[in-house]
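Protein chains: 2
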Amino acid sequence: MEFLRKEFGERFIEDGVTARLYVRDASFMEFSESIAGVVFPVDEEEVVKLVRWAARNKVPLFPQGSATSLSGNASATAKGVVVSFEKMDKVEVDPVDGVAVVGPGVRLEELNVELARYGLFFPVDPGSVKSATVGGAIANGAGGMRGAKYGTMKDWVLGLRVVTGRGDLLRVGCRTYKCRNGYDLVRLFVGSEGTLGLVTEAILKLAPVPESAVAVLAYYDDLETLVEDVVRVRAGRLWPLFAEFLDAPTSAVVGLESRNALFLGVDVNGGAEERALRRLESLVRGEVAQRALDWGNAMKLLEPRRRLFYGQISTAQRDGGVLVIEDVAVPISKLPEAVRGLKKLAERHGLPLLLGGHIGDGNLHPATWYRRGEGPGRVEKFLRDMAELVVKLNGTVSAEHGIGVLKKDLIKMELGEEALNYMRELKRVFDPYNILNPGKIL
Amino acid sequence: MEFLRKEFGERFIEDGVTARLYVRDASFMEFSESIAGVVFPVDEEEVVKLVRWAARNKVPLFPQGSATSLSGNASATAKGVVVSFEKMDKVEVDPVDGVAVVGPGVRLEELNVELARYGLFFPVDPGSVKSATVGGAIANGAGGMRGAKYGTMKDWVLGLRVVTGRGDLLRVGCRTYKCRNGYDLVRLFVGSEGTLGLVTEAILKLAPVPESAVAVLAYYDDLETLVEDVVRVRAGRLWPLFAEFLDAPTSAVVGLESRNALFLGVDVNGGAEERALRRLESLVRGEVAQRALDWGNAMKLLEPRRRLFYGQISTAQRDGGVLVIEDVAVPISKLPEAVRGLKKLAERHGLPLLLGGHIGDGNLHPATWYRRGEGPGRVEKFLRDMAELVVKLNGTVSAEHGIGVLKKDLIKMELGEEALNYMRELKRVFDPYNILNPGKIL
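Note that the protein sequences, when read in sequence, are chains A and B.
Residue numbers for the first sequence, in full-length UniProt numbering: 1 to 442.
Residue numbers for the second sequence, in full-length UniProt numbering: 1 to 442.
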């Protein structure tokens, strides 16, 4: 650690109490009792030096943004060094090129405040958008509310500067929207959870803020009609900006009526609001309880949905429980079957269940909890059954939260050993000493 | 070859005259005098058997769709076997899930005909869209006219079934829009030009056909204003569906006035056309010569731009020349400088130059030619200078045509040896015997 003391001075924290704050992430689980310290690099050169030192000395490095991961992606798993990127927070917006060049420590929300000056925005909108950093969102391949229309991080990162586990600085991708310079390494790093390289700079693609939007909040007695309506809207050539749902008990938790709720928004041209809302209402067969006719009100209409996470946490806490939030996706046609199946499984395991998610892209976030005294055993069995159900329905056990530590067993059920073996070989190419976020994904 | 005769029967062609038709692609270059034959698999099982046989016997396999590559990606480079995917042309559309599951041999145009029944489309629109196949578009990471808004193939492939050079069948990605099941191997295969694996099935993401569109064709005396206007439109919160340009001599070649021409289209909601066109005209400072107020007419307005390739070919042929079409991109802010620089370089080398491209994403297709008797020497020098200019301007030597055989030197100038070495190691992971499309990219 002498090297870190000398090289980083006050930007290396060894004090156990402070360092302990960096051990775990929002998954609330602890995988290592302690770490050797936290280091706060300020530039790329320092990151290169750090990784080369770690490679020589076989010291595990745990990259961290704001540690909002729910799968343990940002937790330390051994007595290594946490690398906090909070000081690398450069933002350069180029409205002509339509890109932002940013440091990994920039928060998505801060970026969007800056972009608003140019009529631009960065569309990826995870639940943690207020605190999540660009580096964390890249590592995690973050998704969120606008996934059905705008996709996820993989669709918005054009280029990266990244330090591999061998200490090589690679510049991959382009500053231009189109880029075909060899293998697409950008997208190999996006979603790799910091296990292949540490991102020191990202070139992000930007979008113009839509001129306007319309939205409805509608209640449904049966889920099939709710799902069908999302499909009807798309077939009616309106492409939902968001299509979010909460089941009846979850709607009640966030302050709505205790019925299945659909939040459906469409971005439109200025002046086209009234006609678009009429079309939307003609396609939606639920009971429309709220309407929005501009961008601001459409975002406001969505607010109860944004309270889902807090609603889930507080409900679990009131019940003296430890919350476990899952993140699965199934093809949209299988959503009703998935919801019915999940409810049946929760019942069979005697577990509570709150259900909501991004219905426009088939992404569900089932939440359950266990009492502290009882331990997670029953929940773990439920999760394995859930994974089995989801894989059977042609879905995935991880839509946007990543694998981290917590879902390593589940991903095996989905992918099988052969695909994982190729991933292990890729890991060896970029990180032969296994120093970058070890214990994650594989 | 006994294995191929036995296994594929009449679907293995050894006859030299017929086989010769499959040696080269639309780059018009020949890198091998002959091949051992062409094989036409009909299903995945046959592809697996073929690759395992090739791996055991170290026989090079050259995958081919409709061979529209302009960089030699689809040409044979040795006396191996061309694998034509034309018989694997399954199309299954699921409008509820918003995906199509297709064989590699399906043509993009055919796919869109099928999708139109559901109000959906596949937005990637390369110049070769009428003949290009899904497999070829994936291998090549195809782009095209709608890149500035809809991106390229990498943004529209959700999942793949693919046979690696070891003969392993991998299922990568998902059928859902969000997918975080480990490393993003889908996007490693997209744009890898068939050098890492042979795609046997693809799950494609679909978009609703926009309700309507407006467009203008405007002429400009200076290029700076033309480029600025594209940026003004985006800053005005209209996101161009297409933004295409032709320089003055090229405009004349496709039948327009001999002035810089800008084709600018924006998709809009039904009913919003007139207001959107007024806004568009208020932002565009060139001389508006044509207007379109619906989707059909907007596509029609773009037609002269679609004649670019044929205009370039016939102009070169009239001049007794062999056409060379390039494919570079620079950040949009650097477009005027790039255009000026390219014109200067062409002049210095005494070469003709026709310039057009996708200005919305900074992608230029400079075309030049050499006389048959003269040989390509002068053009090659021009291309190296072009690459130097583009790299200096923070651009890329390959925006959407890929590397193939022809741009291997240029990509070295852009990426350097270190990044290429990582790519070589990735190649070894997936194709240790170097049997998949050898001689391409690396």
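Yeah, the Cβ is synthetic: ideal placement off N, Cα and C, and Gly gets one too.
On a predicted model such as this, the values are computed, not experimentally measured, just so you know.
For the stretch 106–146 of chain A, there is no continuous beta strand (DSSP E) assignment of 3+ residues that stays within its boundaries. In terms of CA proximity to V328(B), G357(B) leads the group F85(B), G357(B), L308(B).
Following the DSSP letters along the chain, one finds W369(B) inside the beta strand (DSSP E) bounded by residues 367–371. Taking a Cβ-Cβ cut-off of 7 Å, S69(A) has no neighbours in chain B, whose nearest Cβ is about 11 Å from it. The alpha-carbon of A116(A) is positioned some 13 Å away from that of G98(A). If the five residues before and after G165(A) are omitted, its C-beta is found closer than 8 Å to the C-beta atoms of V51, A55, L196, G197, F430, D431, P432, Y433, N434, I435, L436, all from its own chain and listed in chain order. Its Cα nearest to that of G350(A), the residue Y370(A) stands out among Y370(A), R5(A), T315(A). In the displayed model, E201(B) falls within a strand according to three-state DSSP. Identification of residues in the stretch 75–108 of chain A having a C-beta nearer than 9 Å to some C-beta of chain B yields D94, P95, V96, D97, G98, V99, given in sequence order.
For R307(A), the nearest beta carbon of chain B is not closer than 8 Å to its own beta carbon. For P208(B), at least one C-beta of chain A is nearer than 8 Å to its own C-beta.
Of all residues in the stretch 389–413 of chain B, the ones placed with a Cβ closer than 8 Å to any Cβ belonging to chain A are N394, G395, T396, V397, S398, A399, E400, H401, G402, I403, I411, in chain order.
For the set I313(B), Q64(B), A298(B), the Cα lying nearest the Cα of L217(B) is the one of A298(B).
By the criterion of a C-beta distance shorter than 7 Å, V163(A) is surrounded in its chain by V47, V48, V51, L169, G197, L198, T200, once the five residues flanking it on both sides are discounted.
Interface annotation, M29(A): not in contact with chain B, CB-CB separation never under 8 Å. Around the Cβ of D409(B), a 10 Å sphere holds fewer than 16 other Cβ atoms; the residue is exposed. Residue contact with chain B for D168(A): present (Cβ-Cβ distance below 8 Å to some residue of chain B).
By the Cβ test, the stretch 177–192 of chain A is not in contact with the stretch 250–270 of chain A, since fewer than three Cβ pairs between them sit closer than 8 Å. Between the alpha carbons of G236(A) and A207(B) lies a distance of about 12 Å. Taking 7 Å as the Cβ-Cβ cut-off, the stretch 214–227 of chain B has no residue approaching chain A.
Where R428(A) is concerned, the enclosing alpha helix (DSSP H) starts and stops at 408–430.
Under a 10 Å Cβ-count criterion, D361(B) is classified as buried, with 16 or more other Cβ atoms of the shown protein chains found around its own Cβ. For G72(A), the closest C-alpha among the options K427(A), G141(A), L415(A), G404(A) is that of G404(A). In this chain, the alpha helix (DSSP H) harbouring L389(A) covers 377–392.
Y310(B) counts as exposed, since fewer than 16 other beta carbons sit within 10 angstroms of its beta carbon.
For K334(A) and L393(A), the gap between their C-alpha atoms comes out near 7 Å. Sequence-distant partners of C174(B) (beyond 5 residues in either direction) whose C-beta falls short of 8 Å from its own C-beta, in its chain, are L158, G159, N181, I203.
Secondary structure at T225(A): helix, using DSSP grouped into helix, strand and coil. Following the DSSP letters along the chain, one finds S314(A) inside the alpha helix (DSSP H) bounded by residues 308–318. R279(B) counts as buried, since no fewer than 16 other beta carbons sit within 10 angstroms of its beta carbon. Close to chain B, meaning a Cβ-Cβ distance shorter than 9 Å, are the following residues of the stretch 353–375 of chain A: H358, G360, D361, G362, N363. V266(B) and I359(B) have their alpha carbons spaced roughly 14 Å apart.
The Cβ atoms of W156(B) and K205(B) sit closer than 8 Å to each other. Three or more beta-carbon pairs separated by less than 8 Å are not found between the stretch 281–292 of chain A and the stretch 271–286 of chain B, which leaves the two stretches without contact. Beyond the five residues adjoining it in sequence on each side, D385(B) comes within less than 6 Å, by CB distance, of L345 in the same chain, given in chain order. In the DSSP secondary-structure assignment, D43(A) is not bridged to any residue.
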